[in-house]
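Protein sequences, first through last, are from chains R and F.
So the number in our numbering is just where the residue sits in the first sequence, counting from 1, plus 38.
So the number in our numbering is just where the residue sits in the second sequence, counting from 1, plus 38.
Using N, Cα and C, we set each Cβ at its ideal position, and we do this for glycine too.
Protein chains: 2
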Amino acid sequence: MENLDSMFKPKSIAIVGASRDPHSIGFSVVKNLIDSKYGGKIFPVNPKADEILDLKCYHSVLEIPDEIDLAVITVPAAITPNVVEECGKKGVKGLAIIASGFSEVGRTDLEDKVVEIARKYNMRILGPNIVGIMSNPMKMNASFGPYLPYPGKITMISQSGALLIALDSRTWVDRVGMSYLISIGNMSDLDFADLIDYFKNDEDTKCISLYVEGIKNGRKFIDVCKKILEKPIVALKSGVSARGSIAAASHTGSLAGSGKVYSAAFKQATVVQAYTLDDLFDRSLALSLQPPMKGENLLIITNGGGVGVLATDAAEKYGIPLKDPPEDLKEKLKQIMPEFGSAKNPVDITGMASAEWYGKALKIALQHPWVNGVTVLYCETSVSDPRELSMEIFEATNCNRVDKPITVSYIGGEVTERAIEWLQKKGIPVFRSPDRAISAMAALREYGRFIEKGFDEFYRFEDVDTEAVRSILKKIKNEGRDYVTEVEAKAILEAYRIPVAKTMLAKTKEEAEELSKNMKYPLVAKIVSPQVIHKSDVGGVILNIKTPEELVNAFEKIILNVKTKVPNAEIIGVALQEMAPQGTESIIGSTKDVQFGPTVMFGLGGIFVEVMKDVSFRIAPFSKSTAIDMINELNGKAILYGVRGEKPKDIESLSDAISRVSQLVTDFPEIKELDANPTLVYEEGIKVVDARIILEK
Amino acid sequence: MENLDSMFKPKSIAIVGASRDPHSIGFSVVKNLIDSKYGGKIFPVNPKADEILDLKCYHSVLEIPDEIDLAVITVPAAITPNVVEECGKKGVKGLAIIASGFSEVGRTDLEDKVVEIARKYNMRILGPNIVGIMSNPMKMNASFGPYLPYPGKITMISQSGALLIALDSRTWVDRVGMSYLISIGNMSDLDFADLIDYFKNDEDTKCISLYVEGIKNGRKFIDVCKKILEKPIVALKSGVSARGSIAAASHTGSLAGSGKVYSAAFKQATVVQAYTLDDLFDRSLALSLQPPMKGENLLIITNGGGVGVLATDAAEKYGIPLKDPPEDLKEKLKQIMPEFGSAKNPVDITGMASAEWYGKALKIALQHPWVNGVTVLYCETSVSDPRELSMEIFEATNCNRVDKPITVSYIGGEVTERAIEWLQKKGIPVFRSPDRAISAMAALREYGRFIEKGFDEFYRFEDVDTEAVRSILKKIKNEGRDYVTEVEAKAILEAYRIPVAKTMLAKTKEEAEELSKNMKYPLVAKIVSPQVIHKSDVGGVILNIKTPEELVNAFEKIILNVKTKVPNAEIIGVALQEMAPQGTESIIGSTKDVQFGPTVMFGLGGIFVEVMKDVSFRIAPFSKSTAIDMINELNGKAILYGVRGEKPKDIESLSDAISRVSQLVTDFPEIKELDANPTLVYEEGIKVVDARIILEK
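Printed below as a string of structure tokens:
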């Protein structure tokens, strides 16, 4: 921690590369530190200057007489290693490397070198390729951004420098208050997880807000975030569209668009997601100002039916659908509105509503135990002054001892703008449309749900036979294969106590007949060959074999078919499998994500996955409870819970299996892909009928 | 038309109910007309006053010496009929009735009376229950809203008065320019369609923008809108969530949520839809200022990678996904950016980009034939002044003789705000986030698609046998039934040349045997009884009957089963049906929408409809081309186009049948519900296997 205090709460800053050229970054950083009234010591460093902006300039960090907490490095990339070396010798604690020209343009070598030197001297690095660090509590603009952001309680970390500078200015227009605004750049050393871990303890930060293009160490990110339930984290991920993502080769992989994997990761990390830049600002603002919504009951108070309906639509869209309030609450509300008002939800106190009516309605709502959060909607009218309304709202929430969140939407002109400004300064987030006020409340609810549920603690299944898997994988490796036969894949699953349809490998028809003595007819026979992926297409599968005679015929026929259709196929044998009874088809799959490592996918069989893309993802490993979340995320989940009068399927066994797969792929990182497809789900139990595993080369 | 000119371009206005009480609406309207510098004559009318705001006041409209184009009526509801009668006698042409207290509070009688009187005198009514009419070109604020909206080219019609007043003020904050801002109220006479029909010819209106809570005459709305391709119409529909919609009883009906029906109607009416209030403003602004996007190629020019990626995501979300530009365009663009820029789409001219670079890139883009529209993204930086950028953009688009649309996103502070204001005044729509600039462009593209496609002209199928249907329906009516047997339902479909599985009704087992002589075995036998809806559940269906003997047995068994399980069932007989070969299951359905009349639904069979709710709707009647659109809207459409190497199904015959159903339910409004479920789709042809029709009581 010590080192990061040096970075974000430094007592002294050296600007290495300080300059007298007013168009240079080295000049801007010095000037910005002075302009922002930074209270610590500022040491410009430039071998060719003696004074910059009235400050004594040193020719090298080594010449500085005092201790240096943070060095902001603005020299070109090529000489950065030398400068970092000097900083190390000087005993500098933290480095903010502004220069670009490192890994982002392919110069990973240069970046690695800088990191290596920093590690040697125990220095932490922010960057390179950053704008810098802005801190309102420290009055520190250690960046080349123009000024400190509008003050507030959000700490925002942005992976885009250009966006950060633009948003910095924008905070003053939107009056969205920031504590810190930090450019994270190439993340050569400090990454999102490190900064989150630091700012979770920062008392000036009420909400951590992220603009993410890509996370480097996905597991670390999840592990750090999910333990920080006391402080909301909100993230906007860019690049979720198809055009941004790499076309993946395998069947499961083709569905693992990075957007889906990030959404899953954010859920597991208990990070609230934002969906647009406006939404990131809106949600961050609400989360920085308001408590979480602890329950599902949102009450809307409005003076306009139209905006009330729009908010009702939005509440459904954002996952906090409105409910009817209890009678006693309705009764109380009715007393402060005219006859033609409505005490249903949304509560319409009518266009005649004065600021005072709003105040009364809001107090009633906040004091009622049924209400978990309130969104106030206001259309500017001639009978109500928005400034008075702001005062009423502030007063009503100020005596709100029940810690319930409130979001507000005002629609109106210049006077309304002033009323928004005033109320926002008092800590109530105000938006300019009902949709956005509801989205902000939905973020507060999502955070509330994370708190209620806690993070997913994964406990290993101890009844698994890792040894058995290890020896199968060893055998495959020893034989120089990366192809895993179906029989082996099923044995691996079975070792993790995932139920599979009994399957044996027969190399000859005689062996087939012999093996079948210990199996239950009817059987299925399937070709086993690394070259044959789509077995049915080449006549490599025969179903419903009822007798040993039929089995022998089937064996011969399959071999003949494959030899004819795939002449170069290496035939390992024929897999004999007991026919599984009819059940609901599902698929459990796993692929590896570049950032997050092994992921698990679940979907309903066939068409649901292939055509409807109705699948859910999680990062492995995870508990059964998370597996149940995966099931419940499917649009087609009714299939499993019983449709058309069918009995519900065995969600218990299914979620158990999904969670076990997540442990398997975590325990054995050499598994590149896994497909248990179909996995049949019954009223009691499940059975993996077909399994495929691909190993890393 | 004449009468509506009197309403919206009046030469003289009487305010009946004018008042000297500054808190009254009757006072506000007079004052607002004066303040807005209305150039026509203003006649306050009040039996008890001689002068209001320095204007001579008349005791009755009949006393006014001049002709009156428009009377704004601000008297209470109860005395409105008298006032309207007087207006009629005076020869007033148009009435804007502000008072509430009519159908919206259940006083339909009072409203009907007012309409009746107005009709008698050939007067048109706007309202009642409205705020009034605001017109910038006429400098006419004939309303109790505070002032005229920010001037511009949008004519906005709002069904919510409170929202209209609030939005009026808001136009000045957002600088979204309006020509007219009209409150439509209860639509006792003039409705959305009438106003749209009028404003299509108004030269001050470039875009018609609607806030819709409910449309009264859906068909009229569609018919009027779809013929106005020369002027874009954009609509926000509120109340699309489940909480707003009525739980419909029947299977098909339960899916016809009003949101889906409205979306369908807007498509058929060539109305661009907006999804939030912000979106309505954004899309209206873009459509009022920019030409339609005529082609799918959107180019994005940005100085920030981050916002470029966000815009790329948004482009996919809004249905205009980015494509790679041709090499020659890339070459040209590369010449105006540094080495590390990117000429791919989004075109990243880097954070070093000056206003001039933007100007050059924009000119290149607009002049290139591949480009159909450009979105410019800008993050405020120190190297580029946003005001200069605005000038460059204006200049580049000003010499844009190719009529391509442009939308812009600026992110920055106060200086950027000024630059936005300037550019917007020049006719370029600027938004504060990439997402919104892209959504606005998507609206321009949607409008472009409407123009390219033209509206759907429905030509009747002339080969249908309406007489046959009429006589079946007559027979049913004569027999006092509202229950249509399956055999009858199929005969009705057949009369419209919709292929059905051959089905005959047998009342006795002997008749069954006889009828089967003209049928192809195997057959299916199904109970025919008004009391038995779920036939299989009571043993009322037997499949795969191969011989006459089996048929007789089946007949007896079905009768026995039904008599046992549904003792009170009235048994009409047993339907014999030829077994249809296996095919892809689909469902064609029809229900009636309160506003739009008969609608047609299409979905893929079983699970797709029941669990995934993967269905599409249209208002009947419509052509085959619209039926193809319906098929293409399904998430599961790949099933019909061939999946897993299957051959594509007969989309031609399917769309033909869907379109024919739309004609059938239009020709016979006594059909309340229709279900052709399943309709099997083959590689060649289709076949309706089961059909159900319910008649209006």
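{"Asked": "What's the gap between the Cα of VAL122/F and the Cα of VAL152/F?", "Found": "7 angstroms"}
{"Asked": "Would you check if the distance between the CB atom of VAL278/F and the CB atom of GLY252/F is smaller than 8 angstroms?", "Found": "no"}
{"Asked": "Whose CA, out of ILE610/F, GLY578/F and ALA115/F, lies closest to the CA of LYS33/F?", "Found": "Because chain F here runs from 39 to 735, residue 33/F falls outside it and cannot be looked at."}
{"Asked": "Quick test of your reading: LEU325/F and CYS245/F, contact by CB under 8 angstroms. State the CB separation rounded to the nearest angstrom.", "Found": "4 angstroms"}
{"Asked": "Expressed to the nearest angstrom, what Euclidean distance is found between the alpha-carbon atoms of LEU360/F and ALA352/F?", "Found": "10 angstroms"}
{"Asked": "Starting from CYS245/R, trace the alpha helix (DSSP H) both ways and give me its first and last residue.", "Found": "Note, CYS245/R: premise wrong, no alpha helix (DSSP H); beta strand (DSSP E) at 245-250."}
{"Asked": "Give the interface partners of GLU418/R over in chain F, defined as CB-CB distance under 7 angstroms, in chain order.", "Found": "ILE203, ALA204 and SER207"}
{"Asked": "Output, in sequence order along the chain, the residues in the segment 455-473 of chain R whose CB is closer than 9 angstroms to any CB in chain F.", "Found": "GLU455, ARG470, SER471, PRO472 and ASP473"}
{"Asked": "To the nearest angstrom, how far is the alpha carbon of TYR559/F from that of LEU581/F?", "Found": "11 angstroms"}
{"Asked": "Taking only the alpha-carbon atoms, compute the straight-line gap between ARG58/F and PHE81/F and give it to the nearest angstrom.", "Found": "14 angstroms"}
{"Asked": "Can you find the residues in the same chain that come closer than 6 angstroms, C-beta to C-beta, to ILE458/R, ignoring five residues on each side of it along the sequence?", "Found": "TYR448 and VAL468"}
{"Asked": "Can you give me the C-alpha to C-alpha distance between PHE230/R and VAL414/R, rounded to a whole angstrom?", "Found": "35 angstroms"}
{"Asked": "What does the Cβ neighbour count give for ASP366/R, buried or exposed, with the cut at 16 atoms within 10 Å?", "Found": "exposed"}
{"Asked": "With a cut-off of 8 angstroms, does the C-beta of TYR249/F fall near any C-beta of chain R?", "Found": "yes"}
{"Asked": "For PHE14/R, which residues does DSSP report across the bridge?", "Found": "Residue 14/R is absent from the model: chain R starts at 39 and stops at 735."}
{"Asked": "Grouping DSSP H, G and I as helix and E and B as strand, with all else coil, what is PHE660/F?", "Found": "coil"}
{"Asked": "Have a look at ALA480/F and LEU461/F and give me their C-alpha separation to the nearest angstrom.", "Found": "20 angstroms"}
{"Asked": "Are there 16 or more other CB atoms within 10 angstroms of the CB of ASN410/R, so buried, or fewer, so exposed?", "Found": "buried"}
{"Asked": "Hey, is ASP728/F's beta-carbon within less than 8 angstroms of any beta-carbon in chain R?", "Found": "no"}
{"Asked": "With DSSP as the reference, please indicate the residues paired to ILE7/R in a beta bridge.", "Found": "Since the displayed chain R opens at 39 and closes at 735, residue 7/R lies outside it and no answer follows."}
{"Asked": "Please determine whether the Cβ atom of ARG213/F lies at a distance below 7 angstroms from any heavy atom of the ligand GDP.", "Found": "The ligand GDP is absent from the structure shown, which contains no ligand whatsoever."}
{"Asked": "Find the residues of chain R that neighbour VAL502/F, judging by a C-beta separation of less than 8 angstroms, and give them in chain order.", "Found": "Near VAL502/F there are no residues of chain R at all, since even the closest Cβ is about 34 angstroms away, more than 8 angstroms."}
{"Asked": "Give the DSSP bridge partners of PHE640/F, in chain order.", "Found": "ILE626/F and SER654/F"}
{"Asked": "Quick check on DSSP: helix, strand or coil for SER196/F?", "Found": "strand"}
{"Asked": "Run down chain F in chain order and give the residues with a C-beta less than 7 angstroms from the C-beta of ARG281/R.", "Found": "THR350, GLU354, PRO359 and LEU360"}
{"Asked": "Just the Cα atoms here: how many angstroms apart are MET331/F and PRO443/F?", "Found": "6 angstroms"}
{"Asked": "I'd like to confirm the pairing. Which residues does DSSP put opposite ASN179/F in its beta bridges?", "Found": "MET172/F"}
{"Asked": "What ranges does the beta strand (DSSP E) occupy inside the segment 350-434 of chain R, keeping only unbroken runs of at least 3 residues that lie completely in it?", "Found": "411-417"}
{"Asked": "State the DSSP-derived secondary structure class of ARG730/R, mapped to helix, strand or coil.", "Found": "strand"}
{"Asked": "Check the DSSP bridge columns for LEU718/R and list the partner residues they point to.", "Found": "GLU623/R and LYS725/R"}
{"Asked": "Residue range of the alpha helix (DSSP H) that VAL507/R falls in?", "Found": "504-516"}
{"Asked": "So is HIS289/R in contact with chain F if we call contact Cβ pairs under 8 angstroms?", "Found": "A caution first: HIS289/R carries a pLDDT of 33, below 50, which makes its placement in the model too unreliable to give a value."}
{"Asked": "Kindly list the residues whose CB is nearer than 6 angstroms to the CB of ASP342/F, restricted to its own chain and excluding five residues on each side of it in sequence; keep chain order.", "Found": "A quick correction: the sequence has Gly, not Asp, at residue 342/F. CYS417."}
{"Asked": "By DSSP, does PRO189/R sit in helix, in strand, or in coil?", "Found": "strand"}
{"Asked": "Mind pulling the chain R residues with CB within less than 8 angstroms of ILE757/F?", "Found": "Examination of residue 757/F is not possible in this model, given that chain F is present from 39 through 735 alone."}
{"Asked": "Measure the CB-CB distance between SER570/R and GLY577/R and report whether it falls below 8 angstroms.", "Found": "Per the sequence presented here, residue 570/R reads as Val, with Ser not at that position. Cβ atoms of VAL570/R and GLY577/R: not closer than 8 angstroms."}
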